[in-house]
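So the sequence lines, in the order shown, correspond to chains A and B.
Positions 0 to 131 (numbering that gives the first Met the number 0) are the ones given, in order, by the first sequence.
Positions 0 to 131 (numbering that gives the first Met the number 0) are the ones given, in order, by the second sequence.
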Amino acid sequence: MPARIDRPLSPHLQTYRMTLTMALSVVHRATGLALYAGTLLLVWWLIAAASGPAAYAQLQAFAGSWIGRLILFGYTWALLFHLLSGIRYLIWDLTYGFEAREREWLTRAALIGSIVLTILLWVLVYAMGGGR
Amino acid sequence: MNTDTRSTMRTPLSRVRRLGTAKSGTGDFWRQRLTAVAMVLLIVPMIAIVMMLLGRNQAGAAQILGSPLIAIVTLLFVIASCWHMKIGVQVVIEDYVHTENLKLALIMANTFFSIAVALAAIYAIFKLSSGV
């Protein structure tokens, strides 16, 4: 065993009172992982289109089923939340928006914005007849 | 850090050149933000492409996906997203997996998965574009 260096430790997560910014930091990571798995859908879709009518019909049957729609709805929200939340991190990377009210506002905007955009997008899809 | 008097022969310049313990410096940090900004730009055209395909059969979908501008936007999005997710999941693995061999295996599996997803999607887009 090499001698261990006494490095400073930061307290564990449960020491802190849960805040919205903390919770959504976890959600950002979770949606990232969900989107990672979701790329399989993107690939399936592209390969099915490249393969032929039978393969594409299979994909459409899945996408049109209730479980398929549920997954796609969740995928839409995960994508939009990760996007808006990610823009928030890019703003923070530029060292803007660190005041208490600013960071709360940004975090709320990412959450509410992603929910509103997801619903709007799906209303649009159904209005265009894509939800048939 | 220049003030420390520990017995090291290494100069500050050589430390910088060796780019820290990960040996890759801030390369991944920068590329994760680069691909993030790329996707912020690409997400609106990408959503438009998906909307255009709704309710179409394979022939219609293949024709749209194979047209040059749409194929190029889809390619850019696939490359940016696969690169971004490879870095993101590697960070998650490095954060939570502390068994060295398991960590290496997972980082490899993550790299394989990301490259496979990217290549499968790129192959499908090229096939759709060549109309074979």
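Note that the Cβ used here is the ideal one computed from N, Cα and C, for glycine as well.
Computed from a predicted model, the values in this text were never measured in an experiment.
Check, Outcome
"Let me know the secondary structure DSSP gives GLU98 (chain A) once reduced to three states.", "coil"
"Suppose the cutoff is 7 angstroms on Cβ atoms and the five residues either side in sequence are ignored; what does the same chain contact list for ILE48 (chain B) look like?", "ILE69, VAL72 and THR73"
"Quick one, which residues of the region 67 to 82 of chain B are near chain A if we go by CB-CB under 8 angstroms, in chain order?", "THR73, VAL77, SER80 and CYS81"
"Counting only beta-carbon atoms, is GLY24 (chain B) nearer than 8 angstroms to chain A?", "no"
"Among B:GLN89, B:ILE63 and B:HIS83, which has the Cα closest to the Cα of LYS126 (chain B)?", "B:ILE63"
"Can you check which of these residues, A:ASP5, A:TRP44 and A:ARG100, is closest to LEU71 (chain A) by C-alpha distance?", "A:TRP44"
"Could you tell me whether the region 20 to 32 of chain A touches the region 97 to 114 of chain A, where touching means 3 or more Cβ pairs closer than 8 angstroms?", "yes"
"Compare the C-beta of VAL43 (chain B) against all C-beta atoms of chain A and say whether one is closer than 8 angstroms.", "no"
"GLY96 (chain A) CB to nearest chain B CB: under 8 angstroms?", "no"
"For the alpha helix (DSSP H) that GLN59 (chain A) lies in, which residues bound it at each end?", "52 to 63"
"Could you say which of A:ALA49, A:GLY37 and A:LEU93 lies nearest to HIS81 (chain A) if we only look at CA atoms?", "A:GLY37"
"Would you identify the three-state DSSP class for ASN56 (chain B), choosing helix, strand or coil?", "coil"
"From ALA126 (chain A) to LYS85 (chain B), what does the alpha carbon distance come to, in whole angstroms?", "36 angstroms"
"Below 8 angstroms, how does it come out for the region 18 to 37 of chain B and the region 77 to 84 of chain B: are there three or more Cβ pairs, yes or no?", "yes"
"Which residues bound the alpha helix (DSSP H) around VAL91 (chain B)?", "67 to 95"
"Would you mind stating whether VAL116 (chain B) and ARG28 (chain A) have Cβ atoms separated by less than 8 angstroms?", "no"
"Quick one: residues in its chain with C-beta nearer than 8 angstroms to the C-beta of LEU118 (chain B), no 5 flanking neighbours on either side, listed in chain order?", "none"
"Enumerate in chain order the residues of its own chain whose CB-to-CB distance from VAL88 (chain B) is below 8 angstroms, with the five nearest sequence positions on each side excluded.", "ASN109 and SER113"
"To the nearest angstrom, how far is the alpha carbon of MET0 (chain B) from that of LEU93 (chain A)?", "Confidence in MET0 (chain B) is poor, its pLDDT being 48 and thus under 50, which makes the residue's placement unreliable; the coordinate value appears in the next sentence. Roughly 25 angstroms between the two C-alpha positions."
"Compute the beta-carbon to beta-carbon distance between THR144 (chain A) and ALA77 (chain A), rounded to the nearest angstrom, for a pair I have assumed lies under 8 angstroms.", "Residue 144 (chain A) is absent from the model: chain A starts at 0 and stops at 131."
"For the putative contact between LEU46 (chain A) and ALA123 (chain B), defined by C-beta atoms under 8 angstroms, what is the C-beta separation to the nearest angstrom?", "Checking the sequence shown, residue 46 (chain A) turns out to be Ile, not Leu. Going by Cβ atoms, the distance from ILE46 (chain A) to ALA123 (chain B) rounds to 5 angstroms, so yes, they are a contact pair."
"Tell me which residue opens and which closes the alpha helix (DSSP H) that ARG14 (chain B) is part of.", "11 to 16"
"Compute the distance between the beta-carbons of ALA60 (chain B) and TYR55 (chain A), then report whether it is under 8 angstroms.", "yes"
"Can you find a CB in chain B that lies within less than 8 angstroms of the CB of LEU45 (chain A)?", "yes"
"Which residues in chain A sit within 7 angstroms of ILE124 (chain B), going by Cβ to Cβ distance?", "LEU45"
"Is the shortest distance between the beta-carbon of PHE111 (chain B) and the beta-carbons of chain A less than 8 angstroms?", "no"
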